[in-house]
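> FYI, UniProt numbering numbers position 32 of the sequence shown as 32, with every residue one higher than the one before it.
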Amino acid sequence: MGNLIRAHPSNLSCFEVEDERYGSPIFAALATNSIEAARAFLKAQVATKPPKSPPHGLCKQYCQDGNKRTNFGRDFTFSRRIGILHHLAERGEDVITLVFIDSDTFDLNSADSSVQTLLSQAAEKGHESVVKVLVEKGADLNLADSSGQTPLSWAV
């Protein structure tokens with residue numbers, strides 16, 4: 001599967017949302033536990049970045065981790081109301097989150113359908129590596145969600 005993905009001309013579209021159960025190709029790979037396919041998608045994404053960029057090092061680390069388990073499962077169903085980044089942050093996929101953040105332009109402080117920011121969501125779930133990535137990229141630590149809690153209050 002990985003060889004097919006590497007050879008396919010649309011391997012850079014792994015984050016494009018389609019009208020499929022899993023939404024995007026990267027989510028299909030993660031949900032079906034096709035780690036080889038997920039690695040191929042990540043390698044294609046970081047190949048367009050400078051060799052010394054943070055995504056390169058993280059991708060290398062992700063690819064070397066032979067026992068990588070995802071927090072996605074076959075029962076995963078993509079929700080457009082939540083969006084790609086919120087699904088990644090909720091499940092603690094730090095490397096893929098960083099690669100996505102680095103590959104697209106969007107508002108890091110956007111909220112999901114429950115009016116919770118990405119940073120609040122990651123802090124609530126205890127995904128420290130995703131929190132670190134979001135803070136480094138400029139997410140607002142003081143932005144309260146609909147319940148009045150900030151990412152810092154979720155973290156404690």
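Heads up, the beta-carbon is just placed ideally off N, CA and C, and yes, glycines get one too.
Just so we're clear, the structure is a prediction, and the values are computed from it rather than from any experiment.
1. What are the start and end residues of the alpha helix (DSSP H) that includes T97?
2. Can you tell me whether K52 is buried or exposed? The criterion is at least 16 other CB atoms within 10 Å of its CB, across all chains shown.
3. When the Cα atoms are used, what is the spatial distance from Q149 to T117?
4. Do D102 and V130 count as a contact pair if the criterion is CB distance below 8 Å?
5. Assuming contact is defined by CB atoms lying nearer than 8 Å, are Q45 and V133 in contact in what I supplied?
6. Just the C-alpha distance for L119 and R81, rounded to the nearest angstrom, thanks.
7. Considering only residues of the same chain and omitting the five flanking positions on each side of A155, which have a CB-CB separation below 6 Å?
8. Quick one, are the C-beta atoms of N71 and R91 less than 8 Å apart?
9. Could you tell me which uninterrupted alpha helix (DSSP H) segments, each at least 4 residues in length, are contained entirely in the segment 18-95, listed from first to last along the chain?
10. Could you tell me the distance, in whole angstroms, from the CA atom of S79 to the CA atom of Q64?
11. Taking its Cβ as the centre, do 16 or more other Cβ atoms sit within 10 Å of S147, making it buried, or is it exposed?
12. Please classify G73: is it buried, with 16 or more other beta-carbons within 10 angstroms of its beta-carbon, or exposed?
13. K125 to H86, Cα distance in whole Å?
The answer reads as follows:
1. D94 to S103
2. By the 10 Å Cβ count, K52 comes out exposed.
3. 10 Å
4. no
5. no
6. 17 Å
7. A123
8. yes
9. 25-31, 35-46, 54-64 and 84-91
10. 30 Å
11. Result: exposed.
12. exposed
13. Going by C-alpha positions, K125 is about 12 Å away from H86.
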